[in-house]
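Written below as structure tokens is the structure these notes are about.
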Amino acid sequence: ASQSRPPSMACPSTYLGKYMPPLFELIASGNVQVDQVLIELHDSKQDNFTSQLNEFFLAADKAKLRIVHKERNQWGCDGFRCVEYALVSESFLREANEAIPCSA
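Heads up: the sequence shown begins at 1476 in our numbering, then just goes up one per residue.
Right, dumping it as structure tokens:
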């Protein structure tokens, strides 16, 4: 039987540099378990946006969070400056794949 898990998280992209990498560090260290992160990233046109984006994805990778969905927000942000991501923990993906095996 699976253990109880906290709910999914949905975070605004203002969390990108300030909160998300520290959260990902807690996940990587085993102090916090998060199975899913939903986030919409907005191109902030700031000088450090590229480095924040790089730090975000490196920290997510270290926390073993995997991108399972990516979609641009065509209704806002000039149709291309906002991108929605769904990241799911590698452990949850393995558990789900074991629970419901695909047959050939």
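In this text, a Cβ means the ideal position worked out from N, Cα and C, and glycines have one as well.
Item, Value
"Assigned exposure category for residue 1526 - 16 Cβ within 10 Å defines buried", "exposed"
"Local conformation of residue 1545 per DSSP, three classes", "strand"
"Rounded separation between residue 1528 and residue 1517 - CA only", "10 Å"
"CA-to-CA distance, residue 1573 to residue 1515, given in whole angstroms", "30 Å"
"First through last residue of the beta strand (DSSP E) which encompasses residue 1580", "In this structure the chain extends from 1476 to 1579, so residue 1580 is not present and cannot be described."
"Residues near residue 1547 by beta carbon distance below 8 Å, same chain, minus five either side", "1554, 1555, 1557, 1558 and 1559"
"Bridge partners - residue 1564, DSSP secondary structure assignment", "1540"
"Reduced DSSP secondary structure (H/G/I, E/B, other) of residue 1557", "strand"
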